[in-house]
Amino acid sequence: MSNDVGTPLTWQLRWQPQPMAQSQDGQQQEQAQSPPGSPSPSQSQSQSQGSDSDDPEPRIAADGAIEQDVESEVVVPEVRWLHVRHQTSYRYDSEVEGAHHLAHLRPRDTATQQIRAWSLVVSPHPDAGVDLASGIRETVDPWGNARQVFAHSQVHDELDVTSAFEAGVSAQPLPEPGTSQPWRAVARDLRLHAGASAHDVNAGGSSEERRAERAAFEAAEFALDSALAPRAKALADWARPSADDNEGVVELALALMHRIHDEFEYLPQSTSVTTGALEALSLRHGVCQDFAHVLIGACRSLGLAARYVSGYLLTQPPPGKPRLVGADASHAWAQVWCPPHGWLALDPTNDVPVGQDHVTLAWGRDYADVAPLRGVIRGGSGNAPWVGVTVEPL
């Protein structure tokens, strides 16, 4: 909606890093087509975009070389700083009388990612809240992701939501073969028992042992079913040959990633945001959301823990490197629980471990937990969004 002089009302929320409870380190991704049969303009409609500890800032010398601590001889990891801009625009053919939106657009700080100068701009101006003049309320979901909620009660026929920030990403080394635990032992240890509690850790153990036990308990949730990445016989049967040939979790996870990349066709707009792992397995094609769900569902069906990660890819790669599939849009990948190394992040769409080209936004059980932007509107039609993502080196 426009004001009296024809300029859209906007609200900008700016954020600087603050301490925040998070679990151990760990779209819109490619825009999937909405399923047919959208409600009429007079009905309520649902819209959705269709796909730790904090470290101090590393010291980088002026020439870009890694600065080294002379006394301890500890090398500070090199950090690549990227600027990310994610814009979503809706243009409705008829007026929207009311809307309520939920976003997961503030990126996470992790052991390998630092965030600064995040901002969120919403136009038209959201309704003012009871305690927030901005109209944007931010809370934390069960997995430690920041989520933003805003609403519009004024009539409008367009909506623009723009998130922008800078991310410093350091390398995530791939564990050496043979250094992870056997996957069958990990699956056994992830089984939850009635009455189990996060507080039921070995009180007599060392602090490192207690941290490891607590991390394993938290990971166990991601070995359970979710709507889009269930435990299923079909997924277990598909994964079984790789499971029989690979004893360690790292080797098994890599083998499953390679198979998805080899056996599935990347086909934009061939699935919807409601497509689950079982359907994608049957189709043998899809987008990054689908490939992530298949990898997660296969791991869970073997008893392992895996979670869904939404994020971004570097738009243009460095000279001499191939352009990864999924750039210019939001992206998705998976993390597999691999003790004693923690979470192993893998990108089955591109058949690569997650590295400095990847920017993490949020994680959950599957896409439904961390959709970048979704909402419910009354009225409106022609609500397929335009989405643009740019990730550039600073």
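Residues -1 to 392 in my numbering are what the sequence shown spells out, letter by letter. Ideal placement from N, C-alpha and C gives every residue a C-beta, glycine not left out.
**Message:** One question on the structure: do PRO370 and LEU80 come within less than 8 Å of each other, judged by their Cβ atoms?
**Reply:** no
**Request:** Excluding the 5 residues preceding and the 5 following ALA227 in the sequence, name in chain order all residues of the same chain whose CB lies nearer than 6 Å to its CB.
**Result:** ALA275, HIS291, ILE294, GLY295, ASP364
**Prompt:** Under three-state DSSP, which class holds ALA327?
**Reply:** Looking at ALA327 - three-state DSSP - the assignment turns out to be coil, as it is neither helix nor strand.
**Request:** Could you tell me the distance, in whole angstroms, from the CA atom of PRO105 to the CA atom of SER168?
**Result:** 15 Å
**Asked** Can you name the residues that DSSP bridges to VAL385?
**Response** Answer by DSSP bridge pairing, in chain order: THR86.
**Asked** From which residue to which residue does the alpha helix (DSSP H) around GLY295 run?
**Response** 286 to 299
**Message:** Assuming contact is defined by CB atoms lying nearer than 8 Å, are PHE262 and PHE289 in contact in what I supplied?
**Reply:** yes
**Message:** Applying the 10 Å Cβ sphere with the 16-neighbour rule, what's the burial state of TRP181?
**Reply:** Around the beta-carbon of TRP181, 16 or more other beta-carbon atoms lie within 10 Å, marking it buried.
**Message:** Could you give the first and the last residue of the continuous beta strand (DSSP E) run that contains VAL119?
**Reply:** 111 to 121
**Cβ distance (whole Å) where HIS283 is taken to contact TYR310 below 8 Å** = At roughly 23 Å, the Cβ-Cβ gap does not stay under 8 Å, so HIS283 and TYR310 are not in contact.
**Asked** Can you check whether the CB of VAL285 is closer than 8 Å to the CB of PRO266?
**Response** Yes, these two residues count as a Cβ contact at 8 Å.
**Request:** Using DSSP bridges, identify the partner residues of GLY377.
**Result:** VAL94.
**Contacting residues, own chain, Cβ-Cβ under 6 Å from VAL334 (five flanking each side not counted)** = ALA251, CYS297, ALA304, LEU342
**Request:** Indicate whether SER161 and LEU103 have their beta-carbon atoms separated by less than 8 Å.
**Result:** yes
**Request:** With PHE148 as the anchor, note down where its beta strand (DSSP E) starts and where it stops.
**Result:** 144 to 150
**Message:** What does the Cβ neighbour count give for ALA382, buried or exposed, with the cut at 16 atoms within 10 Å?
**Reply:** exposed
**Message:** So, with DSSP's three-state summary, where would you put SER178?
**Reply:** DSSP, reduced to helix, strand and coil, places SER178 outside both helices and strands of the structure shown, so it counts as coil.
**Request:** Give me the Cβ distance between VAL307 and GLY166, rounded to the nearest whole Å; I'm assuming they're in contact under 8 Å.
**Result:** A Cβ-Cβ distance of about 18 Å is found for the pair VAL307 and GLY166, leaving them out of contact under the 8 Å criterion.
**Message:** Tell me the DSSP secondary structure of PHE262 in three-state form.
**Reply:** coil
**Request:** Would you please state the rounded distance, in angstroms, between the beta carbons of GLY386 and GLN85? I believe it to be under 8 Å.
**Result:** 5 Å
**Prompt:** Thinking C-beta only, is ARG145 closer than 8 Å to ALA101?
**Reply:** yes
**Asked** In or out: PRO346 buried (at least 16 other Cβ within 10 Å) or exposed?
**Response** buried
**Asked** Taking the alpha-carbon positions, what's the GLU95 to ILE375 distance?
**Response** In a straight line, the C-alpha of GLU95 is about 8 Å away from that of ILE375.
**Contact under 8 Å by Cβ, VAL389 with LEU302** = no
**Prompt:** According to DSSP, what are the bridge partners of TRP79?
**Reply:** GLY166
**Asked** What do you reckon, are the CB atoms on PHE148 and VAL120 nearer than 8 Å?
**Response** yes
**Asked** What is the DSSP secondary structure of GLU245, counted as helix, strand or coil?
**Response** DSSP places GLU245 outside both helix and strand once states are collapsed to three, so it counts as coil.
**Asked** Exposed or buried, what is ARG238 when buried is set at 16 or more other beta-carbons lying within 10 Å of its beta-carbon?
**Response** exposed
**Request:** Taking GLU136 as part of the beta strand (DSSP E), name the residues at either end of that continuous run.
**Result:** 135 to 138
**Prompt:** How many Å lie between LEU279 and TRP331 at the Cα?
**Reply:** 16 Å
**Asked** Looking at the structure shown, is SER308 part of a helix, part of a strand, or coil, going by DSSP?
**Response** strand
**Request:** Compare the Cα-Cα distances from PRO140 to each of VAL350, ASN348, GLU216 and report the closest residue.
**Result:** Proximity to PRO140 across VAL350, ASN348, GLU216 peaks at GLU216, based on C-alpha coordinates.
**Other residues of its chain near VAL3: CB distance less than 8 Å, five sequence neighbours each side excluded** = Bear in mind that a pLDDT of 33 at VAL3, under 50, signals an unreliable position, so the number given afterwards is only what the model happens to contain. Closer than 8 Å at Cβ, skipping near neighbours: no residue.
**Item:** Distance between beta carbons of PRO122 and GLY133, contact taken as under 8 Å
**Value:** No, GLY133 and PRO122 are not in contact; Cβ-Cβ is about 10 Å, not under 8 Å.
**Message:** Taking DSSP's pairing of strands, which residues face VAL350 in a bridge?
**Reply:** ASP345
**Item:** Cutoff 6 Å; reference ARG189; Cβ partners in own chain excluding five residues on either side
**Value:** Excluding residues within five positions, none has a Cβ falling inside 6 Å.
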